[in-house]
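Protein chains in written order, with numbering that gives the first Met the number 0: chain F, 0 to 231; chain G, 0 to 246; chain D, 0 to 242. Right, one structure below, let's go through it.
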Amino acid sequence: MIDLIDTYWLYFLVGQYPHGPLGGLALTLILAILGLLFAFPLGLLLGMARVSPWPCVRWPVSALIHVVRGTPLLMVVFWAYFFLPGLTGQNTDQFWTMLTALVIFDAAYLAEIIRAGIHGVARGQTESARSLGFSYLDAMRLVILPQVVRNMLPSLVNQFVSTIKATSLGYIIGLTEVSFIATQINTQVLTRPAEVYLLLGLTYFILCFGLSRFAFWLERHHQQRTMAKAHA
Amino acid sequence: MIQIEKINKWYGSYHALVDVTENVAKGEVVVVCGPSGSGKSTLIRTLNRLEPIQSGRIVIDGVDAHAPRVRINTFRSHIGFVFQQFNLFPHLSVLENCTLAPTRLRGLKPSEARDEALALLDRVGLAAKARAYPGELSGGQQQRVAIARALAMRPPLMLFDEPTSALDPEMVGEVLLVMRDLARDGMTMVCVTHEMGFARDVADRVLFMDEGKVLERAEPSEFFARPEHPRLRQFLSDIRTPFSQAA
Amino acid sequence: MALPYNTFCMPMTPLFNLDLLLTGTYHDWLVAGLITSLSLTGISLALALPLAIIIAVIRLSPVKALQWSGFAFVEAIRNVPLLAHMLFWYFGAPEILPAAAREWIYARNVEACSAIIALTLYTAAYMSEDVRSGIRSIPRQQLEAARALGFGFVASLRRVVLPQALRVTIPPLISQTLNLWKDTSIATVIGVTELMYQAAKVESASFRSFEAFAFASAAYLGISLLIAGAAGWYQARFPVRAT
């Protein structure tokens, strides 16, 4: 296995760059980071729409979120792959296709996290903000959402881990992310598929396990801080 | 200042407020007391429309609180409400808690709001804690900040919903002191409380509620010395001698 | 199976040809794909659930070594994407199996076998977490009361703790089943002829991408709604009783 790592490590990490487009683990990470980054504002809007007191906003958004969450990500990728070129009028390359699918998918899941976060903030906070005379939206913006974002940091990290794993589906549309690269390596080496794919698994494991431990630490740290405050 | 006209409220089939009618004059301090579930918290929450009513009218300073077209946010900004659970904003400092509404709703400049807030915090005895966060304060301190926060909007009316019920006994006094000073300065106040000492010393009128109805209303001297309604007599006797012959 | 880049760039035809989906070869292909997807789900679920319970009990055992191996197993599986699991079991695993096992698998449907193994392990890892939380949510006093009556550890679990834990655990388990149903779509990548594969096949044969994927989407959504409905029904019918 060591010689495999020795020969292919650069290809694994960055794909064909600089002699071609960026690929490998670097591409996986960039895709995941951008996906979550773009999904966040959208998820925030959708989450707020989900808890809004106006049914004409709440119902369509809830329906949309249920549809996205009931559909496999691969399906969303395929829809993006086949219909994005028609929508945008130009050839959409795999990166943007995958990114679009990831943003839509992540936004739906983030919306649910935010909805749970909003429900988790004590009702008294909304009441006291409204009693001071703030409108519903102002109360959300100034009082509720700042607390929600602080509380949902561990969930955000977990969603990031999910997104990293989701980037692997780029394989199916030929995106040169790390799983695709691993298969390319396998077709070159041919005789040691178990080792190649074990290495792939190990890479994901180190990345994702590390991040989920970080999320776990965040949650404990946050709990300790709120505990300390309660006993002040 | 407040006219409550025959209001009724139901929670599903439970009749929480039954034909309640009261008037509160400007500068009056009214205390509402009664057993748990009597509807006193519900009543005070209908005054700033935290709870809806199904029939009747509540008019505060000429504004019908529950009319469909009323501008509810403006209405609420003229009423100070102090909650049992304080409900300070944990992500803001004490000072920021008190300047948030004045800067955004009264249009004050940040420096003006800060000066006013510091003066109010001084009045409740917490100017030194201006930069602290709610999580670092005791319950009594948090409640005093909550009162300052409500006062920062310069409301003509203050509503208190069991302000000391969530406090440890040794902190009740500091909050009641602030409320008494407020009353002496002429603030119109409606307080739901179990603190009979406060009612006796500070209130202009005491109301007794049970099962959604106001059963007795009187000045404190009459209320405590010569209670008329049998259930009020029972309530007062239960408070005075809690370990009496229930067996 | 990886789609070649830029297969085509098809302007959407104005006519939605419903006949395509209701009768004919393409319809048969799609239905066959749906049945395969459902079979994958059913078999994996049947295998994953007992495995999940075993893993959960192992992680709750008082023996540290067992706890740690259970933890390592679950974390190793959960932190690797399902696609990578499928690639491993399809391309990598046969190499390390003894020759006899390899022949046995290749005589049958190696794609489906790999997919089922990957799906089972992946789902069991997640489900074991839910089962473990469910068991831990039952107050310790229940176990103590059972032991005080004279039941052994396993018997106490079986007769007193697990039945109560099950009621709490069923909603998250149904939620994992929903994930399993959606995850079967990834089996496409190793050539299992499930719904996604068939939809792509219909698309490349007929260029009717919209109809093919609409059928697949409707099927996925329909079954998802059924599963979510089952969860809702269960929670209404068997609400968690407060202790």
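From the three backbone atoms N, C-alpha and C, an ideal C-beta is built for every residue, glycine too.
Margin query: Using only the alpha-carbon positions, how far apart do residue 24(G) and residue 230(G) sit?
Written below: In this model, residue 24(G) and residue 230(G) are separated by some 27 Å (Cα to Cα).
Next item on the list: Under the assumption that residue 207(F) contacts residue 177(F) (Cβ atoms under 8 Å), give the Cβ distance between them as a whole number of angstroms.
Entry: For residue 207(F) against residue 177(F), the beta-carbon gap comes to about 12 Å, at or over 8 Å, which does not count as contact.
Margin query: Let me see if you follow: with CB-CB separation under 7 Å, is residue 218(F) close to chain G or not?
Written below: With respect to chain G, the C-beta atom of residue 218(F) has no partner C-beta closer than 7 Å.
Margin query: Short of 9 Å Cβ to Cβ, which residues in the region 142 to 169 of chain F face chain G?
Written below: Of all residues in the region 142 to 169 of chain F, 142, 145, 146, 149 have a Cβ within less than 9 Å of some Cβ in chain G.
Note to self: Between residue 230(F) and chain G, is any beta-carbon pair separated by less than 7 Å?
What the structure shows: Note that residue 230(F) has pLDDT 48, beneath the 50 cutoff, so the model's placement of it is unreliable and the number below is only indicative. No, residue 230(F) does not count as interfacial toward chain G.
Margin query: Counting only beta-carbon separations shorter than 7 Å, does residue 100(G) have a partner in chain F?
Written below: So yes, residue 100(G) belongs to the interface.
Check: Assuming residue 30(G) and residue 202(G) make a contact with CB atoms under 8 Å, what is their CB distance in whole Å?
Finding: Contact between residue 30(G) and residue 202(G) holds: CB atoms are separated by about 4 Å, below the 8 Å threshold.
Checklist line | Beta carbon proximity, residue 193(F) to chain D, threshold 7 Å | finding: Any Cβ of chain D closer than 7 Å to the Cβ of residue 193(F) would place that residue at the interface, and such an atom is present.
Next item on the list: Give every residue of the same chain whose Cβ lies closer than 7 Å to the Cβ of residue 40(G), excluding the five residues on either side of it in the sequence, and list them in chain order.
Entry: Its chain contains 160, 161, 191 as the residues whose beta carbon lies nearer than 7 Å to that of residue 40(G), once the 5 sequence neighbours on both sides are disregarded; these appear in chain order.
Check: If we ignore side chains and look at the alpha-carbon of each, how far apart do residue 66(F) and residue 45(D) end up?
Finding: Looking at the two C-alpha atoms, the distance is approximately 27 Å.
Item checked: residue 108(F) at chain D interface by Cβ criterion, 7 Å -> Among the CB atoms of chain D, none fall inside 7 Å of the CB of residue 108(F).
Next item on the list: Check each candidate in 144(G), 22(G), 218(G), 2(G) and name the one with the smallest Cα separation from residue 86(G).
Entry: Out of 144(G), 22(G), 218(G), 2(G), 144(G) has the C-alpha closest to the C-alpha of residue 86(G).
Checklist line | Residues in the region 119 to 142 of chain D having any Cβ partner in chain F nearer than 8 Å | finding: Per Cβ criterion, the list is empty.
Note to self: Between residue 189(F) and chain A, is any beta-carbon pair separated by less than 7 Å?
What the structure shows: Checking the listed chains, one finds no chain A in this structure; the protein chains it contains are F, G and D.
Next item on the list: Using a Cβ cut-off of 7 Å (strictly closer), state whether residue 172(D) contacts chain F.
Entry: By the rule that beta-carbons nearer than 7 Å mark a contact, residue 172(D) does not touch chain F.
Checklist line | Pair within 7 Å by beta-carbon distance, residue 69(D) and residue 77(D) | finding: At least 7 Å separates the beta-carbon of residue 69(D) from that of residue 77(D).
Check: Which whole-angstrom value is the C-beta distance of residue 176(D) and residue 226(D), which I expect to be below 8 Å?
Finding: Between the beta-carbon of residue 176(D) and that of residue 226(D) there is about 6 Å, and that keeps the pair under the 8 Å contact cut.
Notebook entry, point to check: Is it a yes or a no for the region 95 to 111 of chain F touching the region 39 to 58 of chain F, going by three-plus beta-carbon pairs under 8 Å?
Noted result: Three or more beta-carbon pairs separated by less than 8 Å link the region 95 to 111 of chain F to the region 39 to 58 of chain F, which places the two stretches in contact.
Notebook entry, point to check: Does any C-beta atom of chain G lie closer than 7 Å to the C-beta of residue 136(F)?
Noted result: No, because no Cβ of chain G sits closer than 7 Å to the Cβ of residue 136(F).
Notebook entry, point to check: What residue does the alpha helix (DSSP H) around residue 123(D) start on, and which one ends it?
Noted result: Residues 109 to 136.
Check: Where does the unbroken beta strand (DSSP E) through residue 217(G) begin, and where does it stop?
Finding: Under the DSSP assignment, residue 217(G) falls in the beta strand (DSSP E) whose first and last residues are 212 to 217.
Next item on the list: Report all residues from its chain with a CB closer than 7 Å to the CB of residue 58(F); omit the five preceding and five following residues, and keep chain order.
Entry: Taken in chain order, the list of residues that qualify is empty.
Next item on the list: Closer than 8 Å by beta-carbon distance: list the chain D residues that pair up with residue 58(F), in chain order.
Entry: Those do not exist, as residue 58(F) stays about 16 Å from chain D at its closest Cβ, beyond 8 Å.
Check: For residue 187(G), does the three-state DSSP call read helix, strand or coil?
Finding: Here residue 187(G) sits in strand by DSSP.
Checklist line | Where the beta strand (DSSP E) through residue 4(G) begins and ends | finding: Its beta strand (DSSP E) spans residues 1 to 10.
Next item on the list: May I ask you to list the residues that DSSP assigns as paired with residue 204(G)?
Entry: DSSP lists 29(G) as partners of residue 204(G).
Margin query: Does the region 113 to 121 of chain F come into contact with the region 80 to 87 of chain F, if we say contact requires no fewer than three beta-carbon pairs (one atom in each stretch) closer than 8 Å?
Written below: Result no; under three Cβ-Cβ pairs closer than 8 Å.
Note to self: Is the separation between the beta-carbon of residue 155(D) and that of residue 145(D) shorter than 7 Å?
What the structure shows: Yes; because the gap between Cβ atoms is below 7 Å, this pair is in contact.
Check: Would you say residue 47(D) faces chain F, with C-beta separation under 7 Å as the test?
Finding: Taking Cβ atoms only, chain F never reaches closer than 7 Å to residue 47(D), which makes this a no.
Margin query: Counting only beta-carbon separations shorter than 7 Å, does residue 9(F) have a partner in chain D?
Written below: Not an interface residue.
Next item on the list: State the DSSP-derived secondary structure class of residue 21(G), mapped to helix, strand or coil.
Entry: Strand, per DSSP.
Item checked: Any alpha helix (DSSP H) of 4 or more consecutive residues that is wholly inside the region 29 to 93 of chain G -> Positions of the alpha helix (DSSP H) runs, each at least 4 residues long and wholly inside the region 29 to 93 of chain G, are given as 39 to 46, 71 to 76 in order along the chain.
Next item on the list: Given a cut-off of 7 Å, decide if residue 45(F) and residue 60(F) are closer than it, judged by their beta-carbon atoms.
Entry: Yes. Within cutoff.
Notebook entry, point to check: When Cβ atoms are compared, which residues of the region 66 to 81 of chain F fall closer than 9 Å to chain D?
Noted result: Sequence-ordered contacts of the region 66 to 81 of chain F with chain D read 66, 68, 69, 70, 71, 72, 73, 74, 77, 78, 80, 81 [C-beta pairs closer than 9 Å].
Check: When the distance is taken between beta carbons, is residue 76(G) closer than 7 Å to residue 132(F)?
Finding: The Cβ-Cβ distance between residue 132(F) and residue 76(G) falls below 7 Å.
Check: Is it buried or exposed for residue 73(G), if we count other Cβ within 10 angstroms and need 16 for buried?
Finding: Classification for residue 73(G): exposed.
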